[in-house]
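Counting with our numbering, you get residues 110 to 315 for the letters of the sequence shown. This report refers to the structure that appears directly beneath it.
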Amino acid sequence: MKNTTKTLSLLSMLLLFCFALGTTSTFAQDAEKDAKKQKKIAKQRKQFQKNKSNALSEMYKTYPESKAKMGSSYGYAAFANTGVNLFVLASGNGGGMSHNNATGQELYVKMISYGAGVGIGLKKYFAVFLFEDKAAFDNFLEVGWSADGQADATADTGKEGEGGSAAVGMNVSRGVTLYQIADKGLALQATMQGTKYIVSEELNGK
Numbered sequence: 110m111k112n113t114t115k116t117l118s119l120l121s122m123l124l125l126f127c128f129a130l131g132t133t134s135t136f137a138q139d140a141e142k143d144a145k146k147q148k149k150i151a152k153q154r155k156q157f158q159k160n161k162s163n164a165l166s167e168m169y170k171t172y173p174e175s176k177a178k179m180g181s182s183y184g185y186a187a188f189a190n191t192g193v194n195l196f197v198l199a200s201g202n203g204g205g206m207s208h209n210n211a212t213g214q215e216l217y218v219k220m221i222s223y224g225a226g227v228g229i230g231l232k233k234y235f236a237v238f239l240f241e242d243k244a245a246f247d248n249f250l251e252v253g254w255s256a257d258g259q260a261d262a263t264a265d266t267g268k269e270g271e272g273g274s275a276a277v278g279m280n281v282s283r284g285v286t287l288y289q290i291a292d293k294g295l296a297l298q299a300t301m302q303g304t305k306y307i308v309s310e311e312l313n314g315k
């Protein structure tokens, strides 16, 4: 009887040990997954911040008059996507940030591409939306924005050998002006179709 009780006690201790070991291992795995996820989010946030800065620099360089328009705008959203054929499929690098000029608040916004063959051969693309008022700015953040059916433009590719980028700016909806800069020779109309801009809940911690 004593031996049986002792055996049961040892088995119970062994089971508790195994359970504790398994729980610890699960926690460790979950912690590792969470750490990798947070690292990925931090990397993407840094990339989007860089995209915003680069897009603004390209806009000011290509459109010197945009500085005055920026000064009178309620807010803006600036984006970049760089690399070969990034518009064929959704790219983790495609995105940027919105900025409220009235409050200084910024949000991370993703570019989502959904259309086979869109932007084939594209190596760099920058887009900056300037919003005239709060209504236009809020609508962009709450609803998102899709180029399909809202704008239609083709870039002036310039003369052969000039170098630089082709660019075109346009009013794309009420209170919204879009500036685009892309590779020389690329029709910007192709980069707009099949691209949607939406606020990223994950990157904004929501």
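For each residue, glycine too, the CB sits at the ideal point set by N, CA and C.
Does any heavy atom of the ligand ZN sit closer than 7 Å to the C-beta of residue i?
{"i": "LEU312", "result": "Questions concerning the ligand ZN fall outside what the structure shown contains, since it holds no ligand whatsoever."}
Could you check if residue i is buried or exposed, using at least 16 other CB atoms within 10 Å of its CB as the buried criterion?
{"i": "GLY180", "result": "exposed"}
{"i": "THR132", "result": "exposed"}
{"i": "LEU195", "result": "Bear in mind that the predicted position of LEU195 carries a pLDDT of just 47, short of 50, making it too unreliable to give a figure here."}
{"i": "GLN289", "result": "buried"}
{"i": "GLU174", "result": "exposed"}
{"i": "VAL252", "result": "exposed"}
{"i": "LYS161", "result": "buried"}
{"i": "THR135", "result": "exposed"}
Quick check on residue i: does DSSP put it in helix, strand or coil?
{"i": "ALA177", "result": "helix"}
{"i": "ALA74", "result": "Nothing in the structure corresponds to residue 74, since the chain is present only between 110 and 315."}
{"i": "CYS127", "result": "helix"}
{"i": "TYR169", "result": "helix"}
{"i": "ASP261", "result": "Residue confidence is low: ASP261 scores 43 on pLDDT, short of 50, so the model does not pin down where it sits. Its coordinate-derived value is still stated next. Three-state result, ASP261: coil."}
Hey, residue i and residue j: beta-carbon distance below 8 Å or not?
{"i": "PHE249", "j": "SER182", "result": "no"}
{"i": "GLY204", "j": "PHE157", "result": "yes"}
{"i": "ASN313", "j": "LEU216", "result": "yes"}
{"i": "PHE188", "j": "MET220", "result": "yes"}
{"i": "VAL237", "j": "ALA140", "result": "no"}
{"i": "ALA244", "j": "GLY213", "result": "no"}
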